[in-house]
Amino acid sequence: MFPLAGGFGYASNRAADTVDNVSAELVEGTVPAVSTMVDAAGNPIAWLYEQRRFEVPSDRISNEMKLAIVSIEDRRFAEHDGVDWQGTVRAFLTNTTSGQVEQGASTLDQQYVKNYQLLVVAKTDAERRAAIETTPARKIREIRMALTLDKRLTKDEILTRYLNLVPFGNSSYGIQDAARTYFGVDAADLTLTQAAMLAGMVQSSSALNPYTNYDGVMDRRNTVLDTMIQNIPERAAEIEAAKAEPLGVLPEPNQLPRGCIAAGDRGFFCDYALQYLADAGISKEQVDKGGYLIRTTLDPEVQASTSAALTGNSNPNLDGVATVMNVIAPGQDDHRILAMGSSRRYGLNGDANETVQPQPYSLVGSGAGSIFKIFTTAAAMEKGLGTSAVLQVPSRVEVKGLGDGGARGCPPSTYCVTNAGTYPAALSVTDALAQSPNTAFVKLIESVGVTPTVDMAVRLGLRSYTLPGTAGQGTDQSLADYQKEANLGSFTLGPTYVNPLELSNVAATIASGGKWCPPNPIDSVFDRSGKQIPVTHQACEQVVEPGLANTLANAMSKDDQPGGTSASAAASVGWTLPMGGKTGTTESHRSSGFLGFTNRYAAAAYTYGDSPTPSEICSFPLRPCGSGNLFGGNEPARTWFDAMDPVATKFGDVSLPPVDQKFVRGSANGQVPDVVGLNQGSAQSQVQAAGFRVSIATTASSERRGTVVSTSPSGSAIPGSTITLYVSDGSVRPSPARPAPGLTLPSLPPDVTIPPIPGLTAPPR
């Protein structure tokens with residue numbers, strides 16, 4: 001039939017070149033299938049696919065469907081060996097006469113081969129055209145592969161694969177999805193008339209659309225039923241009666257939405273999960289074709305509470321301002337993402353202020369403000385500062401060499417900072433974190449150094465800061481390197497844009513005893529056969545000592561208490577549980593945040609201007625404005641407490657970890673001698689003998705001139721750092737005691753003294 005010379009001989013040789021390569025893949029029979037992403041409770045988040053197809057085994061396809069497709073497409077299916085030679089010879093003679101392929105005589109085997117090459121093997125438009133070209137070469141290739149297929153597989157396997165492969169229109173592939181699309185039933189439950197309609201549509205799934213060509217589909221269905229009467233005469237009466245029935249399709253096609261765009265408020269998480277899988281070696285293309293079950297860490301209850309808090313504190317229709325929040329479960333082996341969201345709706349309608357930008361997990365905003373003071377504190381603790389230390393809080397500081405000079409009234413090469421409010425002259429580290437005076441932490445970063453502080457921020461979780469190009473300005477420099485090289489003391493005040501997910505993970509690292517793990521959205525992945533697929537996760541790291549992290553967590557525990565910057569927000573929901581927190585606001589009021597954690601949850605709520613030209617932001621209600629008054633203790637903190645309060649104890653009791661006295665007291669060589677009350681010379685000698693440098697500052701005081709009235713810091717400090725001795729200038733005179741009005745105090749004779757009163761001692765200094 002196929003001579004070695006002449007036209008068909010040449011075509012046969014061309015066909016043979018690709019047969020061997022495709023046959024193995026064809027026998028394997030893997031086809032694109034829908035991957036399903038679900039939350040921690042098993043609820044679908046998204047269906048991800050290139051072709052909407054759900055494979056089912058033979059026993060889950062109704063017998064009516066099998067009879068209908070064989071009857072209309074290949075009545076001798078059970079008898080031939082993959083090729084219907086009787087029909088092929090007839091077609092061969094016709095095609096030889098005409099010089100082109102006019103008759104196909106294709107069996108189900110051959111149709112399967114053609115569709116497989118078109119829908120699975122072909123990757124380009126040229127390959128897709130070649131898969132359906134009407135040439136002798138393609139026909140011979142198809143025949144040869146059909147023969148191979150019939151030798152390797154049973155008839156039932158071939159029929160099942162065919163029904164799972166072919167398109168049925170309306171973006172539906174395979175019999176299971178077709179049954180769901182048109183009738184809302186499973187393939188196993190297809191009736192005679194339903195099966196006949198679907199079998200008829202295979203001829204031309206685009207033209208035979210019941211929603212646009214009802215009569216044409218009805219005629220084709222009845223043609224299928226007529227062939228079934230011929231092939232199954234014992235059921236003739238039943239099948240004839242079925243021809244009078246309507247098609248019975250759904251009012252509109254039941255089509256599963258494709259991709260993250262239909263995931264609603266979980267769309268941001270869906271996108272991040274796919275990005276995470278791609279980084280782990282499972283590409284988006286693999287997901288779209290693989291038929292995976294992707295189990296995620298998203299907790300539906302925590303997600304719902306987070307979404308409600310985000311929309312409740314920031315209008316989704318608000319143009320130019322967004323609030324984002326991520327919730328992470330602390331842990332020693334994993335930091336599982338429990339929720340991720342934005343006040344902005346996830347979607348493609350820009351006119352409705354929707355967005356698909358990765359707001360919750362990319363570098364956005366103008367900075368997290370004073371939240372960055374925790375990095376300075378942690379770096380200082382690592383160098384020997386104890387949380388029992390007392391920090392001086394001057395109203396203004398001028399620090400040379402911190403690279404932030406240039407402000408009005410500030411000397412050259414000097415960083416000048418003034419507090420925005422009124423604070424006590426001295427605060428403990430814990431109270432300083434809660435009340436957040438700027439000057440105390442600028443003095444602290446002067447002692448710690450910018451480089452250790454930036455490195456601490458990266459270690460605790462701000463890993464994006466090390467990426468090339470994040471410094472901007474058209475260079476490949478990372479933001480971390482830029483901050484360190486410029487020695488920018490302003491880093492402690494958080495003026496740089498931030499990744500909100502990484503900021504939440506900073507909280508998780510502290511809450512996990514200093515153990516950093518990548519924020520993980522994936523619980524497990526299973527292939528189409530139910531086999532678990534390994535997902536490569538970046539290893540966790542112990543980035544600071546557990547005692548440091550635990551003690552820092554306790555030092556952050558007064559932010560929600562009276563006097564703390566988030567106290568009002570905590571009180572608004574009646575929050576009474578132990579937690580660690582820190583607010584932050586940029587000087588320009590263009591972004592602010594609240595970082596908080598318990599032993600069960602860690603999260604950061606971050607509000608920022610998300611327009612191309614962000615302006616200052618005002619609160620209550622949240623909005624862009626000319627002169628901002630947004631603070632981290634406002635909407636960001638309220639969002640955090642609103643989100644966390646309903647689910648706070650879902651995973652168990654809430655507590656703070658025990659402190660490590662080493663980090664409360666500070667290191668042994670970091671203890672500052674108590675020199676208050678000594679003269680300047682003696683005090684300076686003792687402090688220098690303890691290994692510290694000394695700086696002298698005079699202060700108005702009623703103490704004798706030259707007497708040390710306080711030190712900064714006191715209690716403990718970074719070994720080798722500078723201790724400021726505040727020395728009295730003696731300028732304040734004590735006021736003489738005044739008797740109460742109308743009361744005359746008698747004079748005592750010179751030889752009379754007042755005896756001591758038993759049990760009464762002088763109060764401590």
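Numbering follows UniProt numbering, with no gaps: position 208 of the sequence shown is 208.
Cβ atoms here follow ideal geometry from the backbone N, Cα and C, with glycine treated the same way.
**Message:** Bridge partners for H335 per DSSP, in chain order?
**Reply:** Here residue 335 refers to the residue found at position 335 when the sequence shown is read from its first residue. According to DSSP, H335 shares a beta bridge with P519.
**Prompt:** Could you check where the beta strand (DSSP E) with P636 kicks off and where it finishes?
**Reply:** On the sequence shown, position 636 is the one that residue 636 refers to. Per DSSP, P636 belongs to no beta strand (DSSP E); it is in the alpha helix (DSSP H), 635 to 644.
**Prompt:** With C-beta atoms as the reference, is C517 less than 9 angstroms away from A508?
**Reply:** Along the sequence shown, one-based indexing puts residue 517 at 517. Along the sequence shown, one-based indexing puts residue 508 at 508. For C517 and A508, yes; Cβs fall inside 9 angstroms.
**Prompt:** Relative to the C-alpha of M197, which residue among E64, F77, T607 is closest?
**Reply:** The count along the sequence shown starts at 1 and reaches residue 197 at position 197. Closest by alpha carbon: E64.
**Request:** Can you check the stretch 591 to 677 for any beta strand (DSSP E) of at least 3 residues that lies completely inside it and give the ranges in chain order?
**Result:** Residue ranges of uninterrupted beta strand (DSSP E) with 3 or more members, entirely inside the stretch 591 to 677 and ordered along the chain, are 591 to 597, 602 to 609, 616 to 618, 623 to 625.
**Prompt:** When DSSP builds the beta bridges, which residues end up paired with R693?
**Reply:** Translated into positions along the sequence shown, residue 693 becomes position 693. Paired residue(s): T722.
**Message:** With the cut-off set at 9 angstroms, would you say M201 and A187 are in Cβ contact?
**Reply:** Locating residue 201 in the sequence shown gives position 201, where the first residue counts as 1. Locating residue 187 in the sequence shown gives position 187, where the first residue counts as 1. In this structure, A187 does not lie closer than 9 angstroms to M201 by Cβ.
**Prompt:** Using 8 angstroms as the threshold, is the stretch 379 to 394 in touch with the stretch 708 to 719, meaning 3 or more CB pairs across them?
**Reply:** Touching, per the Cβ criterion.
**Prompt:** Rounded to a whole number of angstroms, what is the C-alpha to C-alpha distance between D610 and G42?
**Reply:** For this step, residue 610 is matched to residue 610 along the sequence shown. For this step, residue 42 is matched to residue 42 along the sequence shown. One C-alpha to the other measures close to 33 angstroms.
**Request:** With DSSP as the reference, label V113 as helix, strand or coil.
**Result:** If you number the sequence shown from 1, residue 113 lands on position 113. If DSSP states are grouped into helix, strand and coil, V113 belongs with the helices.
**Request:** Have a look at the DSSP bridge pairing and note the partners of C416.
**Result:** One-based indexing of the sequence shown puts residue 416 at position 416. Beta-bridge pairing links C416 to E398.
**Prompt:** Excluding five sequence neighbours on each side, which residues of the same chain lie with their C-beta closer than 8 angstroms to the C-beta of T698?
**Reply:** For the purposes of this step, residue 698 is taken as the residue at position 698 of the sequence shown. Same-chain partners within the cutoff: Y726, V727, S728, D729.
**Asked** To the nearest angstrom, how far is it from the Cα of P437 to the Cα of K484?
**Response** As a working note, residue 437 is residue 437 in the sequence shown. As a working note, residue 484 is residue 484 in the sequence shown. Straight-line Cα distance between these residues: approximately 23 angstroms.
**Same chain, Cβ closer than 8 angstroms to G409, five either side skipped, listed in chain order** = For this step, residue 409 is matched to residue 409 along the sequence shown. Residues C416 of the same chain have their beta carbon placed closer than 8 angstroms to that of G409, with the five preceding and five following residues left out of the count.
**Asked** Looking at the structure shown, is I45 part of a helix, part of a strand, or coil, going by DSSP?
**Response** Along the sequence shown, read from residue 1 onward, the residue named residue 45 stands at position 45. In this structure, I45 counts as strand in the three-state DSSP scheme.
**Asked** What residue from D476, Q203, G461 has the CA that sits closest to G468's CA?
**Response** Sequence index remark: in the sequence shown, residue 468 carries index 468 (1-based). As written in the sequence, residue 468 is Pro, which differs from the Gly given in the question. Residue D476 is the option with its Cα nearest to P468.
**Item:** Reference I723; option with closest CA among G632, T639, S447
**Value:** Position 723 of the sequence shown, counted from the first residue, corresponds to residue 723. That would be S447, whose Cα lies nearest to the Cα of I723.
**Whole-number beta carbon distance between G596 and A434, since they are thought to touch under 8 angstroms** = For this step, residue 434 is matched to residue 434 along the sequence shown. For this step, residue 596 is matched to residue 596 along the sequence shown. Between G596 and A434 the Cβ distance is about 13 angstroms, and since that is not below 8 angstroms, they are no contact.
**3-residue-minimum beta strand (DSSP E) runs that sit fully inside the stretch 120 to 195, ordered along the chain** = Within the stretch 120 to 195, the complete beta strand (DSSP E) runs of at least 3 residues fall at 167 to 169.
**Every unbroken beta strand (DSSP E) inside the stretch 453 to 490 [3 residues or more]** = none
**Prompt:** Can the beta-carbon of D288 be found closer than 9 angstroms to that of L48?
**Reply:** Along the sequence shown, one-based indexing puts residue 288 at 288. Along the sequence shown, one-based indexing puts residue 48 at 48. Going by beta carbons, D288 and L48 fall inside the 9 angstroms limit.
**Message:** Measuring straight from C-alpha to C-alpha, what distance separates A308 and S314?
**Reply:** Numbered from 1 along the sequence shown, position 308 holds the residue referred to as residue 308. Numbered from 1 along the sequence shown, position 314 holds the residue referred to as residue 314. Computed Cα separation, rounded: 10 angstroms.
**Item:** Cβ pair count under 8 angstroms reaching 3, the stretch 43 to 62 against the stretch 250 to 261
**Value:** yes
**Request:** Identify whether L293 lies in helix, strand or coil by the three-state DSSP scheme.
**Result:** By one-based count along the sequence shown, residue 293 stands at place 293. If DSSP states are grouped into helix, strand and coil, L293 belongs with the strands.
**Prompt:** residue 819 by DSSP, collapsed to three states: which one?
**Reply:** Summary: the structure shown does not reach residue 819, with the chain confined to residues 1 through 765, and so no result is reported for it.
**Message:** Please identify the residue among H335, Q194, T154 whose C-alpha is closest to the C-alpha of F168.
**Reply:** Looking up residue 168 in the sequence shown gives position 168. Considering only alpha carbons, the answer is Q194.
**Request:** Indicate, with yes or no, if the ligand ADP has a heavy atom lying under 8 angstroms from the CB of A690.
**Result:** The ligand ADP is not part of the structure shown, which contains no ligands of any sort.
**Message:** Below 8 angstroms on the Cβ atoms is my contact criterion, and I expect C540 with D279 to pass it. Report the Cβ-Cβ distance as a whole number of Å.
**Reply:** The sequence position of residue 540 within the sequence shown is 540, counting from 1. The sequence position of residue 279 within the sequence shown is 279, counting from 1. That pair is no contact at about 16 angstroms.
**Asked** Can you give the Cα-Cα distance for Q686 and S714, rounded to whole angstroms?
**Response** For the purposes of this step, residue 686 is taken as the residue at position 686 of the sequence shown. For the purposes of this step, residue 714 is taken as the residue at position 714 of the sequence shown. So the two alpha carbons sit approximately 13 angstroms from each other.
**Prompt:** Opposite N679 in the DSSP bridges: which residues?
**Reply:** By one-based count along the sequence shown, residue 679 stands at place 679. Beta-bridge pairing links N679 to T707.
**Any 3 or more C-beta pairs closer than 8 angstroms across the stretch 668 to 678 and the stretch 623 to 642** = no
**Message:** I need the DSSP call for L318, collapsed to helix, strand or coil.
**Reply:** Looking up residue 318 in the sequence shown gives position 318. It is coil, neither helix nor strand.
**Prompt:** Are the beta-carbon atoms of G580 and D559 separated by less than 9 angstroms?
**Reply:** Numbered from its first residue, the sequence shown carries residue 580 at position 580. Numbered from its first residue, the sequence shown carries residue 559 at position 559. Yes.
**Asked** Taking DSSP as the reference, what is the three-state secondary structure of Y214?
**Response** The residue given as residue 214 occupies position 214 in the sequence shown. Helix, per DSSP.
**Residue range of the beta strand (DSSP E) that includes L548** = On the sequence shown, residue 548 is found 548 positions in, with the first residue counted as 1. Counting along the chain, L548 falls outside any beta strand (DSSP E), though it belongs to the alpha helix (DSSP H) covering 546 to 555.
**Span separating the alpha-carbon of D81 from that of K151** = By 1-based counting over the sequence shown, the position of residue 81 is 81. By 1-based counting over the sequence shown, the position of residue 151 is 151. One C-alpha to the other measures close to 8 angstroms.
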